[in-house]
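Participant: Please see the structure below; I have some questions.
Number of protein chains: 2
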Amino acid sequence: MSLRHAVLGVLAAREMTGYELSRFFDSSAGWLWSAGHSQIYPLLGKLVDEGLVTGSEGVRGEHLRRVSYRITEAGENELQRWVGTVHQAAPEKDPFWLQAVFLDQLEPPLARAVLTAYAETQREAAERAGAHAVELRAGRTPLVRERLSRRSEDEHHRITGLKAGVFAAQAAIATTRAEQAEALVELLGD
Amino acid sequence: MSLRHAVLGVLAAREMTGYELSRFFDSSAGWLWSAGHSQIYPLLGKLVDEGLVTGSEGVRGEHLRRVSYRITEAGENELQRWVGTVHQAAPEKDPFWLQAVFLDQLEPPLARAVLTAYAETQREAAERAGAHAVELRAGRTPLVRERLSRRSEDEHHRITGLKAGVFAAQAAIATTRAEQAEALVELLGD
DNA sequence: TGTTACATGTAAGCAGTTACATGATTTT
DNA sequence: AAAATCATGTAACTGCTTACATGTAACA
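The listed protein sequences correspond, in order, to chains A and B. Last residue of the first sequence? That's 190 in UniProt numbering, and every number before it is there in order. Last residue of the second sequence? That's 190 in UniProt numbering, and every number before it is there in order.
Structure representation (structure tokens):
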């Protein structure tokens, strides 16, 4: 149920084609959600059916069909309704910590390798998220610029601050994960 | 792919029926994985087919059929292979932080309500995980006891320490999530 | 006698991943 | 001329959730 609102949220910033949305959600830039194009295209059709977005066909070059999707007022309302709702969090399901709870069955050196590899990926994720927060705060990300262009000047600082705060939060959480994995290494013995 | 190894990991501690496994994974005790019984029963059948567990039929009372599942040597090997493998982490997909990145569209009081509600559930999750870590360290959880009974005395401290460490890590991560959500409240303005 | 716990399954549907399939346009 | 990028779809499969379905045993 989240992808539809992720798409609505992006389209609320600016009009996009399915291809552009696919790029945006392609496990790429360390954004907050990801999806393949095989999930995007059918979803856009459904969103059109529901009246939450409209698609306008155009062409690229002479023959290449491209459909640009824009959020409707109904779509904006639905997005706001969803954002303003307290959703109960699904029970945590992190494969790594499941794996970690069975690490006692391994030779300590192998267990250490598993833990440090995880810690490193989390350190990297933290760095990416932190860098993105800096970019956002400086107003250097294109999507936020477009979003700001339709808001009053005095809101700009608040908006970029909030969005940067979300990525700073991602960085802090990833850092805690790395630290905790490293703390487990100390308990390994040997 | 994780549920099969979660099940193998539990069965490595002791023999269980499908019903007991269902109880164990029923989103309950704040454990590390969850699944409904409709997922458990078919999976146990597959694991038997693959030779990773064996099921022995028995009865409860006069007529109630119950099958007790035990891990095989092949199952123990598969579990150890999985635990000793570095798996690349799937891209983060947390619906809450997706929601958070759109909070600028809300009236600050409503946004604050969403953030504090999340922070509170994370504080509660942290408390549950922390309490579980204490129980584990004290050796008061039944499953770990059975696990320890098949290990040498001098390993007991290391094993309980590691497992407790995993739940302490869960607590630390949940606490960071709560703190970060609370930090966002400060950026809300108004 | 009624309720709770024990016990085991199947079916429908949704979300998500990987693979299949095709073709135009731009860049090197 | 070849490769990368733009562009849009469908199909098969896996994992998971929710609902359907059935019946026994223990307890109050």
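Don't be surprised by glycine CBs; every beta carbon is placed ideally from N, CA and C.
When you compare the CB of Gly-45(A) with every CB in chain B, is at least one pair closer than 8 Å?
Facilitator: Residue numbering aside, residue 45(A) sits at position 45 when the first sequence is read from its first letter. It does not; no Cβ of chain B falls within 8 Å.
Participant: Could you please tell me which residues of the segment 81-105 of chain B, in chain order, have their CB closer than 8 Å to any CB of chain A?
Facilitator: Trp-82, Val-83, Gly-84, Thr-85, Val-86, His-87, Gln-88, Ala-89, Ala-90, Pro-91, Glu-92, Lys-93, Asp-94, Pro-95, Phe-96, Trp-97, Leu-98, Gln-99, Ala-100, Val-101, Phe-102, Leu-103, Asp-104, Gln-105
Participant: In whole angstroms, give me the CA-to-CA distance for Ala-168(A) and Val-185(B).
Facilitator: Numbered from its first residue, the first sequence carries residue 168(A) at position 168. Numbered from its first residue, the second sequence carries residue 185(B) at position 185. Going by the C-alpha atoms only, they are around 14 Å apart.
Participant: Please list the terminal residues of the continuous alpha helix (DSSP H) segment that includes residue 261(B).
Facilitator: Residue 261(B) lies beyond the stretch modelled for chain B, which goes from 1 to 190, so this question has no answer here.
Participant: May I ask you to report which of helix, strand or coil DSSP gives Val-86(A)?
Facilitator: By one-based count along the first sequence, residue 86(A) stands at place 86. Three-state result, Val-86(A): coil.
Participant: What residue ranges within the segment 22-80 of chain A form continuous alpha helix (DSSP H) runs of no fewer than 4 residues, ordered along the chain?
Facilitator: Unbroken alpha helix (DSSP H) runs of no fewer than 4 residues, entirely contained in the segment 22-80 of chain A, are found at 37-49, following chain order.
Participant: Taking Leu-143(B) and Ala-13(B) to be in contact with their CB atoms under 8 Å, please state how far apart those CB atoms are, rounded to whole angstroms.
Facilitator: Residue 143(B) sits at position 143 when you count from the first residue of the second sequence. Residue 13(B) sits at position 13 when you count from the first residue of the second sequence. Contact flag correct, Cβ pair sits at about 5 Å.
Participant: Return the CA-CA distance between Ala-129(A) and Pro-95(B), expressed in angstroms with no decimal places.
Facilitator: Here residue 129(A) refers to the residue found at position 129 of the first sequence. Here residue 95(B) refers to the residue found at position 95 of the second sequence. For Ala-129(A) and Pro-95(B), the gap between their C-alpha atoms comes out near 17 Å.
Participant: Which residue wins for smallest C-alpha separation from Ser-22(A), given the options Ser-34(A), Gly-51(A), Arg-123(A)?
Facilitator: Along the first sequence, one-based indexing puts residue 22(A) at 22. When only C-alpha atoms are compared, the closest one is Ser-34(A).
Participant: Less than 8 Å between the C-beta atoms of Ile-40(A) and Val-53(A), yes or no?
Facilitator: Reading the first sequence from its first residue, position 40 is the one you call residue 40(A). Reading the first sequence from its first residue, position 53 is the one you call residue 53(A). Their beta carbons are not under 8 Å apart, which means Ile-40(A) does not touch Val-53(A) by this criterion.
Participant: Please state whether DSSP places Thr-17(B) in a helix, a strand or coil.
Facilitator: Here residue 17(B) is taken as the residue at index 17 of the second sequence, counted from 1. Reduced to three states, the DSSP call for Thr-17(B) is strand.
Participant: Please determine, among Ala-125(A), Gln-99(A), Met-16(A), the residue with the shortest C-alpha to C-alpha distance to Val-83(B).
Facilitator: For this step, residue 83(B) is matched to residue 83 along the second sequence. Ranking Ala-125(A), Gln-99(A), Met-16(A) by Cα distance to Val-83(B) puts Gln-99(A) first.
Participant: Output the boundary residues of the alpha helix (DSSP H) element that contains Asp-154(A).
Facilitator: Within the first sequence, numbered from 1, the residue matching residue 154(A) stands at position 154. From DSSP, the alpha helix (DSSP H) with Asp-154(A) extends over 153-186.
Participant: Select from Gly-9(A), Leu-64(A), Glu-182(A) the residue whose C-alpha is nearest the C-alpha of Leu-162(B).
Facilitator: Taking the second sequence and counting its residues from 1, one reaches residue 162(B) at position 162. Considering only alpha carbons, the answer is Glu-182(A).
Participant: When Cβ atoms are compared, which residues of the segment 147-170 of chain A fall closer than 7 Å to chain B?
Facilitator: Arg-158, Ile-159, Gly-161, Leu-162, Lys-163, Gly-165, Val-166, Ala-169, Gln-170
Participant: Note down, in chain order, every chain A residue with its Cβ under 8 Å from the Cβ of Val-114(B).
Facilitator: Walking along the second sequence from the start, residue 114(B) turns up at place 114. Near Val-114(B) (Cβ distances below 8 Å), the residues of chain A are Val-83, Gly-84, Thr-85, Val-86.
Participant: Along chain B, in chain order, which residues have C-beta atoms closer than 7 Å to that of Gln-180(A)?
Facilitator: Start at 1 with the first residue of the first sequence, and residue 180(A) comes out as number 180. Ordered by position in chain B, the residues that pass the 7 Å Cβ test against Gln-180(A) are Ala-169, Ala-172, Ile-173.
Participant: Which class does Phe-102(B) belong to by DSSP, given the choice of helix, strand or coil?
Facilitator: Numbered from its first residue, the second sequence carries residue 102(B) at position 102. Note: Phe-102(B) maps to coil in three-state DSSP.
Participant: Can you tell me whether His-132(A) is buried or exposed, with buried defined as 16 or more other CB within 10 angstroms of its CB?
Facilitator: Along the first sequence, one-based indexing puts residue 132(A) at 132. Classification for His-132(A): buried.
Participant: Count Cβ pairs between the segment 41-60 of chain A and the segment 4-19 of chain A that sit closer than 8 Å; are there 3 or more?
Facilitator: yes
Participant: Distance, Cα to Cα, Leu-64(B) vs Gly-30(B)?
Facilitator: Position 64 of the second sequence, counted from the start, is the residue given in the question as residue 64(B). Position 30 of the second sequence, counted from the start, is the residue given in the question as residue 30(B). Near 30 Å, if we compare the C-alpha coordinates of Gly-30(B) and Leu-64(B).
Participant: According to the neighbour-count rule (16 or more other Cβ atoms, all chains shown, within 10 Å of its Cβ), is Gln-88(B) buried or exposed?
Facilitator: In the second sequence, residue 88(B) corresponds to position 88, counting from 1. Exposed.
Participant: Check whether the Cβ of Arg-4(B) lies closer than 8 Å to any Cβ atom in chain A.
Facilitator: As a first step, residue 4(B) must be located in the second sequence, where it is residue number 4. Output row for Arg-4(B): interface = no.
Participant: Along the chain, where does the alpha helix (DSSP H) that runs through Glu-146(B) open and close?
Facilitator: Position 146 of the second sequence, counted from the first residue, corresponds to residue 146(B). Where Glu-146(B) is concerned, the enclosing alpha helix (DSSP H) starts and stops at 142-148.
Participant: At a CB-CB cut-off below 7 Å, which residues of chain A make contact with Ala-117(B)?
Facilitator: Mapped onto the second sequence, residue 117(B) falls at position 117. What Ala-117(B) touches in chain A: Val-86.
Participant: With 16 as the cutoff for other CB atoms within 10 Å, does Val-134(B) come out buried or exposed?
Facilitator: Taking the first residue of the second sequence as 1, we reach residue 134(B) at position 134. With fewer than 16 Cβ atoms within 10 Å of its Cβ, Val-134(B) is classed as exposed.
Participant: My understanding is that Ala-171(A) touches Ala-126(A), with C-beta atoms under 8 Å, so please give their C-beta distance in whole angstroms.
Facilitator: Within the first sequence, the letter at position 171 stands for residue 171(A). Within the first sequence, the letter at position 126 stands for residue 126(A). 5 Å between Cβ atoms; contact.
Participant: Distance check for His-157(A) and Arg-151(A), CA to CA, integer angstroms please.
Facilitator: Along the first sequence, one-based indexing puts residue 151(A) at 151. Along the first sequence, one-based indexing puts residue 157(A) at 157. A direct Cα-to-Cα measurement between Arg-151(A) and His-157(A) gives close to 11 Å.
Participant: Return the chain-ordered list of same chain residues with a C-beta closer than 7 Å to the C-beta of Gly-189(A), the five sequence neighbours on each side being excluded.
Facilitator: To locate residue 189(A), count along the first sequence from 1; it is residue 189. Only Pro-108 meet the Cβ criterion.
Participant: So with CB distances below 8 Å, who are the chain B contacts of Thr-121(A)?
Facilitator: On the first sequence, position 121 is the one that residue 121(A) refers to. The answer, in chain order, is Gln-88, Ala-89.
Participant: Does DSSP put Gly-9(B) in a helix, in a strand, or in coil?
Facilitator: As a working mapping, residue 9(B) is identified with position 9 in the second sequence. Helix, per DSSP.
Participant: Please report the straight-line C-alpha distance between Val-10(B) and Arg-66(B), rounded to a whole angstrom.
Facilitator: On the second sequence, position 10 is the one that residue 10(B) refers to. On the second sequence, position 66 is the one that residue 66(B) refers to. Their Cα atoms are separated by approximately 18 Å.
Participant: What in chain B is Cβ-close to Thr-176(A), meaning under 9 Å?
Facilitator: As a position in the first sequence, residue 176(A) is number 176, starting the count at 1. Chain B residues near Thr-176(A): Ala-169, Ala-172, Ile-173, Thr-175, Thr-176, Arg-177.
Participant: Do Leu-32(B) and Arg-4(B) come within 8 Å of each other at the CB atom, strictly closer than that value?
Facilitator: Residue numbering aside, residue 4(B) sits at position 4 when the second sequence is read from its first letter. Residue numbering aside, residue 32(B) sits at position 32 when the second sequence is read from its first letter. Not a contact, by the Cβ cut-off of 8 Å.
Participant: When you compare only the Cα positions, how much space is there between Thr-85(A) and Glu-92(B)?
Facilitator: Residue 85(A) sits at position 85 when you count from the first residue of the first sequence. Residue 92(B) sits at position 92 when you count from the first residue of the second sequence. Glu-92(B) has its alpha-carbon roughly 21 Å from the corresponding atom of Thr-85(A).
Participant: In chain A, which residues lie with their C-beta within 8 Å of the C-beta of Gly-189(B)?
Facilitator: Looking up residue 189(B) in the second sequence gives position 189. Residues of chain A passing the Cβ test: Arg-158.
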